[in-house]
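The structure appears right after this line, and notes come after that.
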Amino acid sequence: MIRRLTSTVPRRQFLRAAGVSALGALWTGEVLEALPQNTNTNSKPSALKITDMRVATIAHAPMTCPLIRIDTNQGIYGLGEVRDGSSATYALFLKSRILGENPCNVEKLFRKIKQFGGQSRQAGGVCGVEMALWDLAGKAYNVPVYQMIGGKYRDRVRIYCDTTESDDPKTYGQRLKARMDQGFTWLKMDLGIDLVQKTPGAVTHPLGMDPTRDTHWLAHPFTGIEITEKGCDMMAEYVAVVREQVGMEVPLAADHFGHIGVNSCIRLGKRLTPYNMAWLEDMVPWYWPDLLKQISSEVDIPLCTGEDIYLPEGFEKLAETHAVDIFHPDPGTAGGVLGTKQVSDLAEKYGIGCAVHFASSPVACMAGVHSIAAMSNFLAMENHSVDVPWWDTLVEGVDKPIVNRGFIAVPDKPGLGVTLNEDVVKAHLVPGSGFFEPTDQWNNERSNDRIWS
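Residue numbers (my numbering): 89 to 541.
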């Protein structure tokens, strides 16, 4: 029979007496005093409830970046971000679905709201909320987000960055070489038909059409644009000059080819083979895996796609058919922190590498960093803000500069590991917008949300 302790001796006094007598120096006064100091007493996770969601939209960081803040009944809050160039409305629409819920139930809430997302920027609200929920859960349990999605494989994340294009390949090569001098160990260049379209005989297209301006809403097979052998030779020579500047050792990826047909993609890809590109990105839209497979079967350079795909399920056919060699999810589209990690897990299952697309503020950046920390098949993460001087100052709590010699350190603080520098955020808000103003008008936005009947 076990007797229950009924002594009225204060707990700390009892523990000190019992600890010292039974365990000698193991339970010292210093240890006992340190215990409550190292325990998170700001939150009781089981009683945590969402009380509000508000937004603040930053301009030109490098694009329009809507931040969201989810508040709780215990004073802690979570930060998230709607994908670059999108609208905060995609997140505010979800507010009524999560009010009163416990944010630590991340998967439950994500299943509740994921039906309101869609491909590309339409996913931004769902993914931004997911980021904020993880930030809250990490703060509630006093652990970094990466620890809750499997732990980390790395202490820092490799970055490649956007670099201003030039019609002169030598100038562009020098700009890319300057990135290497800054410490970047992976490069990406824009390589589009805009470089050659004004040269007679380089590009075939319907007369009167501007091949790079009149095709935004026309997918590649429907434009009638094809690159000629002359055009392929010119673009290959452009890459050759760039390679002379940066060397053959550094990985060099390419993007923004233009809305050219599948046969032109194959023709150009074959011509670029001698320059050992790291990948050719989004040669045709991701939702035609058979066309991507057709290209990858003919071209000896890795293909990459995925920045506009919503949720890991959208990558499944690409994986099963090995249509591409590298997945390129964006945390603001792929399903947030955990969704991006799950995309990498799917890729690894099929022997596919995982790079990460990103063009937003440091909040979404840290969401990506935590996801990447938990990946084993990671290659490099994009950043479009290396040349934005105030980008780093938007947040506090992490090492500065955030991108340091081509890498970002994985933060070890609870949640995403960052807080906002309110003065800097306020200085860069979209004109006419507010700083986390009340959003009560979204408290009761409802419809029949059931996804089956």
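Each residue gets a CB set at the ideal place from its N, CA and C atoms; glycine is no exception.
Query                                                                                                                                                                                : Result
Give the DSSP-derived three-state secondary structure of Ala455 in the structure shown.                                                                                              : helix
When burial is assigned at 16 or more other CB atoms within 10 Å of the CB, is Phe310 buried or exposed?                                                                             : exposed
Would the beta-carbon of Gly216 fall within 8 Å of that of Ala266?                                                                                                                   : no
Alpha helix (DSSP H) containing Cys320: first to last residue?                                                                                                                       : 317-334
Give a yes or no on whether the C-beta atoms belonging to Ser208 and Asp370 are separated by under 8 Å.                                                                              : no
For the beta strand (DSSP E) containing Ile186, name the first residue and the last one.                                                                                             : Looking at the DSSP string, Ile186 is not in any beta strand (DSSP E); the run it does join, the alpha helix (DSSP H), is 183-186.
Could you name the residues of the same chain whose beta carbon sits closer than 8 Å to that of Asp302, not counting the 5 residues immediately before and after it, in chain order? : none
Helix, strand or coil, according to DSSP, for Phe542 in the structure here?                                                                                                          : Any answer about residue 542 is impossible in this case: the structure gives the chain only from 89 up to 541.
Put Thr259 into one of helix, strand or coil per three-state DSSP.                                                                                                                   : helix
Leaving out five residues before and five after Ser174 in sequence, what residues of the same chain have Cβ atoms less than 6 Å from its Cβ?                                         : Arg209, Gly212
Can you name, in chain order, every residue of its own chain whose Cβ lies under 6 Å from the Cβ of Val143, other than the five neighbours on each side?                             : Pro154, Ile156, Ala176
From the DSSP output, in three-state form, read off Thr421 for me.                                                                                                                   : helix
Cβ of Ile354 within 8 Å of Cβ of Ile383?                                                                                                                                             : yes
Below 8 Å, how does it come out for the stretch 220-231 and the stretch 248-255: are there three or more Cβ pairs, yes or no?                                                        : no
Name the residue from Trp305, Ile164, Val214 whose alpha carbon lies nearest to the alpha carbon of Val425.                                                                          : Val214
State yes or no: is the C-beta of Gly441 within less than 8 Å of the C-beta of Asp418?                                                                                               : no
Should His304 be flagged as near chain D, meaning a C-beta pair shorter than 8 Å?                                                                                                    : No chain D is part of this structure, which consists of one protein chain only.
CA-CA distance, Tyr234 and Ala462?                                                                                                                                                   : 6 Å
With distances taken from CA atoms, which of Gly319, Phe181, Lys258 is nearest Gly335?                                                                                               : Lys258
Can you look up Tyr178 in the DSSP assignment and give me helix, strand or coil?                                                                                                     : helix
Can you name the start and end residues of the alpha helix (DSSP H) that Leu283 belongs to?                                                                                          : From DSSP, Leu283 is part of no alpha helix (DSSP H); its letter is neither H nor E.
Just to confirm, are Pro191 and His458 a CB contact at a threshold of 8 Å?                                                                                                           : no
Please report the distance separating the alpha-carbon of Ile539 from that of Lys200.                                                                                                : 10 Å
Which two residues bound the contiguous beta strand (DSSP E) that contains Cys353?                                                                                                   : No beta strand (DSSP E) contains Cys353, which is instead part of the alpha helix (DSSP H) from 350-359.
Using a Cβ-based criterion (distance less than 7 Å to any ligand heavy atom), does Arg493 qualify as near the ligand ZN?                                                             : With respect to the ligand ZN, the structure offers nothing, as it holds no ligand at all.
Compute the Euclidean distance between the alpha carbons of Ala468 and Ser541, then round it to the nearest angstrom.                                                                : 43 Å
Decide if Ser464 is buried, meaning its Cβ has at least 16 other Cβ atoms within 10 Å, or exposed.                                                                                   : exposed
Mark His148 as exposed unless 16 or more other C-beta atoms lie within 10 angstroms of its C-beta, in which case mark it buried.                                                     : exposed
For Asn509, I'd like the list of residues in its chain whose CB is within less than 7 Å of its CB, leaving aside the five on either flank, ordered along the chain.                  : Thr481, Leu482, Val483, Glu484
Where Asn193 and Ser449 are concerned, what is the direct C-alpha to C-alpha distance, given to the nearest angstrom?                                                                : 26 Å
Return the CA-CA distance between Lys429 and Gly289, expressed in angstroms with no decimal places.                                                                                  : 45 Å
Measure the Cβ-Cβ separation of Lys227 and Ile164 and say whether it is below 8 Å.                                                                                                   : yes
Within the continuous alpha helix (DSSP H) that includes Leu399, where are the two ends?                                                                                             : Counting along the chain, Leu399 falls outside any alpha helix (DSSP H), and DSSP gives it neither H nor E.
Closest by CA to Ile237, which one among Lys437, Ala455, Trp530?                                                                                                                     : Ala455
The alpha helix (DSSP H) with Met236 in it runs from where to where?                                                                                                                 : 233-236
Hey, how far is the Cα of Trp305 from the Cα of Ile281?                                                                                                                              : 17 Å
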